[in-house]
């Protein structure tokens, strides 16, 4: 997520090895703040493969629908020295559409950053808008290794739990690696825990030359039921330590909020469960159940 300059390029084979190791680690650490242990029992009346097919199909609908919503995005990123904040980045933006219907970002508040030990990379800004609110559609299923872990009661919801990791890295493409929770009634993803990949790590400084080490924290994203139909991301947090090859350990804390969802007036058809739910006027989105968020 944050970069420091050193030497070389990371080859794909090395990245794949790192991804496999991190995926195994996420299986152990991915319970995050959930209150109950995962029950490894298989689901009843449905197979893991059927669950994957159903939630992936709804994720495709979810992505299409969210692309027709405007919302506010609030980001606060801090670096810490012990318990003391020694650097900060803040930005509040409205994610809107221009007159031609193209998605645009209008920055409302952006004080001068005070980060000194790390810097925000291009991938960071893209991840905040596109990867932290992770979507796994039926079109993307072939790109991932997906393992059924079990069942878990998360706050007020009963969920199926899956660990996922990319099978390989396509040049220039970003992926998610970690754990997802799928509501056992709506069969939609309600929570994710993991990190953006690939990272650029320095494994041999003597042989690697002139590369920026680019690391990313593990984050948890909570979704909330919007308009009684879609589990949209509303809150994301990360509290992690990035270990750079220079020997620097940087403790970072990130909070991202996605609020004030409004359906944008357009002539684009939006479907849900095969029914047309398009609305020609812009209206506030109503909220419903959601996994509890840490305070």
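In our numbering, the protein residues as written are 589 to 883. Ideal Cβ positions, reconstructed from N, Cα and C, are used throughout, including at glycine.
- Partner residues in the beta bridge of residue 733, as assigned by DSSP, are 753.
- Here residue 779 is buried. Its C-beta has 16 or more other C-beta atoms within 10 Å.
- In the displayed model, residue 705 falls within coil according to three-state DSSP, outside both helix and strand.
- Our two residues, residue 826 and residue 668, have alpha carbons roughly 13 Å apart in a direct line.
- Straight-line spacing of the CA atoms in residue 671 and residue 687 works out to 46 Å.
- Taking C-beta atoms as the reference points, residue 844 and residue 720 count as a pair closer than 7 Å.
- Taking the Cβ atoms as the reference, residue 738 lies roughly 6 Å from residue 629, within the contact range of under 8 Å.
- Judged by their CB atoms, residue 758 and residue 733 are not nearer to each other than the 7 Å cut-off.
- With respect to residue 776, residue 646 sits close: the two C-beta atoms are nearer than 7 Å.
- Residue 661 is positioned such that its CB atom lies no closer than 7 Å to that of residue 849.
- Going by C-alpha positions, residue 731 is about 17 Å away from residue 651.
- With a cutoff of 7 Å on beta-carbon distance, residue 747 and residue 771 are scored as near each other.
- Taking C-alpha positions only, residue 768 is separated from residue 810 by approximately 10 Å.
- In the DSSP annotation of this structure, residue 726 is not part of any alpha helix (DSSP H), being labelled neither H nor E.
- The straight-line gap separating the alpha-carbon atoms of residue 715 and residue 691 is approximately 16 Å.
- Within 10 angstroms of the beta-carbon of residue 713 lie fewer than 16 other beta-carbons, which makes it exposed.
- Beyond the five residues adjoining it in sequence on each side, residue 806 comes within less than 6 Å, by CB distance, of 783, 828 in the same chain, given in chain order.
- Take the alpha-carbon of residue 835 and the one of residue 703: they are about 18 Å apart.
- Per DSSP, reduced to three states, the secondary structure at residue 638 is helical.
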